[in-house]
Each structure stands twice: as C-alpha cells, then as structure tokens.
Amino acid sequence: RVKERGRGHYSFYQPQMNSGLLSRMKLEHAMRQALEHGRMAVFFQPQVHIGSNRIVGAEALLRWTDPDFGVVSPGVFIPMAEESGYIVTLGAWVLEQSIREAARWSEKGLPLKVSVNVSALEFRQPDFVERLRSLLAHHGLPSHLLELELTESILLQDAQEMAARVRSIADLGVGLVIDDFGTGYSSLGYLKKLPIAKIKIDQSFVRGLPHDAGDRAIVSAIISLGKALGTEVVAEGVETGEQRDCLRALHCHFFQGFLCSPGLPPDAFGARMSELGVLVEDDWRAALHGG
Ligand code: C2E
Ligand code: MG
Ligand code: MG
Ligand code: MG
Numbered sequence: 526r527v528k529e530r531g532r533g534h535y536s537f538y539q540p541q542m543n544s545g546l547l548s549r550m551k552l553e554h555a556m557r558q559a560l561e562h563g564r565m566a567v568f569f570q571p572q573v574h575i576g577s578n579r580i581v582g583a584e585a586l587l588r589w590t591d592p593d594f595g596v597v598s599p600g601v602f603i604p605m606a607e608e609s610g611y612i613v614t615l616g617a618w619v620l621e622q623s624i625r626e627a628a629r630w631s632e633k634g635l636p637l638k639v640s641v642n643v644s645a646l647e648f649r650q651p652d653f654v655e656r657l658r659s660l661l662a663h664h665g666l667p668s669h670l671l672e673l674e675l676t677e678s679i680l681l682q683d684a685q686e687m688a689a690r691v692r693s694i695a696d697l698g699v700g701l702v703i704d705d706f707g708t709g710y711s712s713l714g715y716l717k718k719l720p721i722a723k724i725k726i727d728q729s730f731v732r733g734l735p736h737d738a739g740d741r742a743i744v745s746a747i748i749s750l751g752k753a754l755g756t757e758v759v760a761e762g763v764e765t766g767e768q769r770d771c772l773r774a775l776h777c778h779f780f781q782g783f784l785c786s787p788g789l790p791p792d793a794f795g796a797r798m799s800e801l802g803v804l805v806e807d808d809w810r811a812a813l814h815g816g
C-alpha cells in the first residue's frame, strides 16, 4: 500500500520488505557502483563474412562481474538499467569504449566495424546525435566503422521523430542495424522508408536450422527481404557448422555466434582476429558482387 509523504513523494509502505525486492535493490545499488570500481567491461564478439570465414567487425557486449553477485547477465541488468534510467549512463560509457577500441583497430590498419547496442531511452536523449558526432571526432573514428543496433520497437513509438533521428545518424555515415529482427511487431514499412544498413536475424530462428522447416522458411524469407531492399543480413547465435552451411546456402552475408567465438575482451579478440584474418569492406563487397 502506498503511503503519502507529502506532495509528489511516495514510499512503499510494507511491514516487511519482500526479499525479492530487497535483493533487486541491492543488485541495482551494486550496478550503480560497478562502473567507477572498474567492474564493467566491454567485450567484442566477431562478426564473420560467411563466404570467406573472415572477420568483418564485432558487436560490443557489456559485461559485469560483481564481488558479491558474481557474473551478472546482461539479460538481467540491462532491463534493470532501462527501467531505472541508468542505461543512459551505461550506454554512453559502452559507446565511448567501443569507439575508442574501433579507432585503435583502424589505426593498426584493421578497418573493422564496431556494432553497439542502443536502448530506447538512450536513443531518445535529445543530445544523442550530437554526442555521437563529437565522440567520433574526438577519437578520430571514420563514421562508417560504427554501427548502432536498435530494436524494431524503438522505431515504432514516436515514429516521425525517430525516423528523423535515424536519418540524421545515417547522414553522419553511421550504419543503422535492426537487432532481433522478426521478434518485434513485424511492421515492415520502416524498412522501405528508413536508411537501414543491416538486419540481424534473431537467434531464435537460427536455432532450428537446418532441420526445422518453419525456421528455414523464416530465415530464407528474411534473407530474401534483405536482398530485395539492399539491406545486409546477419544471422545471430550460430553455434554449429550445419547452421552456418545452411545460412551460406541461403546466401546470408554474415554470422555471429559461438561457432566462431563468444564475446571476448579486447586482447583475446585481437588474437582471434589474427587467427581468422580480417576482410575489409571493399573486399567483401567485391566478393559479394562476384557471386
Ligand atoms: P543481443 O544484442 O541480441 O546480443 C546477442 C546475445 O546473444 C549476446 O548475449 C551474446 O553473447 C549472445 N550470443 C552470441 N552468440 C551466441 C550463440 O552462438 N549462442 C547463444 N546461445 N548466444 C549467443 P548477452 O551478451 O548476454 O546480451 C544479451 C542482450 O543484452 C543483448 O542481446 C542486448 O540486447 C543486451 N546488451 C548487451 N550489451 C548491451 C549494451 O552495451 N547496451 C545495451 N543497451 N544492451 C546490451
Ligand atoms: Mg545486439
Ligand atoms: Mg540480437
Ligand atoms: Mg537480443
């Protein structure tokens, strides 16, 4: 029951604090301290060109290890950060770390793309585009080496305003990617109207490849849609060679997944890059047009 404490101030009045709520509050408190204590890190999962098995880029994935709670999954703390608004602070940090790392790769002559997840609340910040522009300039990263991953739902609320924002980001040269494609509202109109560079097939559709006929039909349809609209297609969550071979037969451009590597800290990612080799954009474009 809610007890009023004067104008605009409410507290939840309960004789005994529910233990689930209490541990959630502790977790949230720990999350807010994690950044300054160096307990958060950005890992990088290779994105692989299916035709050549070379790395073309990486997705930035946030990792948190807490001394009391251990490794906390992003599936737990990202929604918590989204609800409390703290995602704006976290997201700004991830974006800067990612841009800095990609600028390092680029300086070493490895022009790999870095792809950063952006939550709705971050994307809606009035200064988001301006901050993006100044981060790119500050770290000297060519804008075409950055991609932002959005979910379909972000584009559907305040569609006009979000469309304008997407266009101004695309005008900067930054690529826009639709994450978890097929799991949202399946409103496809925006794909035609907006400058979307890539769509990522959700891993729930990849899991059943190559045997599940339903998954195969959906994946094949998404790839055809991408081809027809001139949008690149990435498959997420590829764990087996069979899945990759199926995606290759369906002419999917790229994959990410444990088959190649999970998300890695920067040093280990560098080592994986040296093992597999890097394919720069001009080369895979040439390879795509070659067949
Ligand atoms: P996502 O963006 O769809 O990221 C893909 C998730 O699939 C990652 O989980 C990745 O580790 C996992 N994954 C990759 N390959 C495989 C595979 O072969 N098999 C399986 N089973 N899983 C695979 P993760 O890192 O736990 O992240 C979960 C979600 O949390 C992400 O989904 C994304 O929505 C969110 N997230 C992670 N980092 C950030 C961030 O920096 N900012 C924001 N806003 N969200 C983030
Ligand atoms: Mg993602
Ligand atoms: Mg995804
Ligand atoms: Mg996801």
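526 is the number of the first residue of the sequence shown in the UniProt record's numbering; add one for each residue after it.
Glycine residues also receive a C-beta, built at the ideal position from the N, C-alpha and C atoms.
> What residues does ligand 2 have around it, judged by CB closer than 5 Å to any heavy atom, in chain order?
Replying inline: N642, E674, D704
>> What I want to know is whether the C-beta of E764 ends up closer than 7 Å to one or more non-hydrogen atoms of ligand 3.
In response: no
>> Quick check on DSSP: helix, strand or coil for S678?
In response: helix
>> Buried or exposed, going by whether 16 or more other CB atoms sit within 10 Å of the CB of T614?
In response: exposed
> Does ligand 3 have even one heavy atom less than 7 Å from the beta-carbon of E677?
Replying inline: no
> Any idea if E584 is buried or exposed, counting beta-carbon neighbours within 10 angstroms, 16 or more meaning buried?
Replying inline: buried
>> Under 8 Å: do the segment 589–603 and the segment 667–679 share three or more Cβ pairs, one atom per stretch?
In response: no
> Just reading off the alpha helix (DSSP H) that S623 is part of, what are its end residues?
Replying inline: 612–632
>> Can you find the residues in the same chain that come closer than 6 Å, C-beta to C-beta, to F648, ignoring five residues on each side of it along the sequence?
In response: I679
>> For residue 845 and E800, what's the separation of their Cα atoms in angstroms?
In response: Because the chain spans 526 through 816 in this model, residue 845 falls outside it and cannot be assessed.
> Considering only C-alpha positions, which residue in the set F653, L681, V641, L660 is nearest to D702?
Replying inline: In the sequence under discussion, the amino acid at residue 702 is Val, which differs from the Asp named in the question. Here the closest residue by C-alpha is V641.
>> At a cut-off of 7 Å, would you count G616 as near ligand 5, judging by its Cβ distance to the nearest heavy atom?
In response: As for ligand 5, it is missing from this structure, which binds only ligand 1, ligand 2, ligand 3 and ligand 4.
> Whose CA, out of V763, D591, A793, P571, lies closest to the CA of S729?
Replying inline: V763
> What is the DSSP secondary structure of I743, reduced to helix, strand or coil?
Replying inline: helix
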